[in-house]
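As given, the protein sequences belong to chains X and C, one line each in that order. The first sequence runs 3 to 119 under my numbering. The second sequence runs 673 to 784 under my numbering. The structure under discussion appears below in the form of structure tokens.
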Amino acid sequence: DGGITQSPKYLFRKEGQNVTLSCEQNLNHDAMYWYRQDPGQGLRLIYYSQIVNDFQKGDIAEGYSVSREKKESFPLTVTSAQKNPTAFYLCASSIRMVIDGGDEKLFFGSGTQLSVL
Amino acid sequence: RKEVEQDPGPFNVPEGATVAFNCTYSNSASQSFFWYRQDCRKEPKLLMSVYSSGNEDGRFTAQLNRASQYISLLIRDSKLSDSATYLCVGLRGGGSNYKLTFGKGTLLTVNP
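The structure is reproduced here in structure tokens:
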């Protein structure tokens with residue numbers, strides 16, 4: 003079955019440590035995204051990628067880094083520069099980036115809850 | 673003003689009730705809208721796209737009013753399983769300049 007898989011489900015970070023969240027999709031989607039969700043808040047875009055070897059900063063990219071070496075994979079690294087990393091992180095993909103007037107459906111992974119020790 | 677704003681909720685309704693959520697958007701360039709459903713600590717899932725002409729899917733009806741810049745979601749004959757957070761999402765732009773904006777969500781609890 004096609005889908006988008008995030009791992010781990012729960013992750014703990016020590017102060018000063020970098021951690022990497024995994025996101026893999028077998029939907030053959032070009033576009034992938036990382037969102038952060040804080041309690042009672044909407045999703046905020048961290049980074050997105052339209053195509054392999056290309057990615058763009060979203061609204062809250064500081065303290066995060068990504069790579070897109072393969073179409074299927076879009077890992078997110080939460081660096082030590084991110085001072086408030088505790089949140090629910092969601093990876094998503096869509097067939098392509100939006101075309102004007104398009105009706106793109108996002109497919110989400112099941113999320114990773116990151117907490118600070 | 674936030675680009676997408678939703679009723680703060682929470683909404684507590686009895687089973688069988690009809691409940692309506694509203695969402696307003698500030699950028700008239702927004703072109704597409706969606707309602708997503710999110711269960712606690714789960715991923716959001718697309719519930720409905722929203723069209724100007726209005727669209728219905730079973731007990732769910734979505735409306736878009738571009739003149740007043742608001743979107744609505746109506747749920748008839750509420751079920752216990754409808755309990756979730758409902759996210760209003762607006763989309764504008766295209767190509768490399770797209771922007772998808774999520775509202776904070778409205779929590780619905782349907783009680784027996």
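Where a beta carbon is used, it is the ideal one built from N, C-alpha and C, also for glycine. All values reported here derive from a predicted model rather than from experimental measurement.
Per the DSSP calculation, residue i is bridged to which residue(s)?
i, result
"X:T33", "What sits at residue 33 of chain X in the sequence shown is Ala, not Thr. Beta-bridge pairing links X:A33 to X:S96."
"X:V21", "X:V80"
"C:K762", "Looking at the sequence provided, one finds Gly at residue 762 of chain C rather than Lys. Its beta-bridge partners are C:F705 and C:T773."
"C:T757", "C:Q710 and C:L779"
"X:R2", "As displayed, chain X neither begins before 3 nor continues past 119, which places residue 2 of chain X out of reach and without an answer."
"X:Y91", "X:R38 and X:T114"
"C:S721", "C:F706"
"C:N727", "C:A734"
Around the Cβ of residue i, are there at least 16 other Cβ atoms within 10 angstroms (buried) or fewer (exposed)?
i, result
"X:D102", "Caution is warranted here: a pLDDT of 41 is assigned to X:D102, below 50, making its placement in the model unreliable, and no coordinate value can be reported."
"X:A33", "buried"
"C:C712", "exposed"
"C:K776", "buried"
"C:E715", "buried"
"C:L745", "buried"
"X:Q8", "buried"
"C:T690", "exposed"
"X:Q84", "buried"
"C:S725", "exposed"
"X:P10", "exposed"
"X:F14", "exposed"
"X:T114", "buried"
"X:G111", "buried"
"X:G60", "buried"
"X:D40", "exposed"
"C:A739", "exposed"
Is residue j closer than 7 Å to residue i when the C-beta atoms are compared?
i, j, result
"C:S750", "C:V676", "no"
"X:G65", "X:T79", "no"
"X:Y50", "X:Y37", "no"
"C:T773", "C:G762", "yes"
"C:R709", "C:L719", "yes"
"C:L780", "C:F683", "yes"
"X:E71", "X:E26", "no"
The beta strand (DSSP E) that contains residue i, what's its start and end?
i, result
"C:V691", "V691 to Y697"
"C:T781", "T778 to N783"
"C:A734", "F732 to N737"
"C:S744", "Y742 to I747"
"X:G47", "Position check: residue 47 of chain X holds Leu in this sequence, whereas Gly was assumed. From DSSP, the beta strand (DSSP E) with X:L47 extends over L45 to I53."
"X:Y66", "Y66 to V68"
"C:P686", "F683 to P686"
"C:E715", "Neither: C:E715 is in no beta strand (DSSP E) and is coded neither H nor E."
"C:E675", "Element bounds for C:E675: n/a, residue is neither H nor E."
"X:S9", "I6 to S9"
"X:D56", "D56 to K59"
Residue i: beta carbon under 6 Å from a heavy atom of the ligand ATP?
i, result
"X:R15", "Although the ligand ATP was asked about, the structure shown includes no ligands whatsoever."
Given a limit of 9 Å on CB to CB distance, which residues of the segment 697 to 719 of chain C reach chain X? Q703, S704, F706, Y708, Q710, R713, K714, E715, P716, K717 and L718
Contact list for the segment 105 to 116 of chain X against chain C, Cβ threshold 9 Å: D105, E106, K107, L108, F109, F110, G111, S112, G113 and Q115
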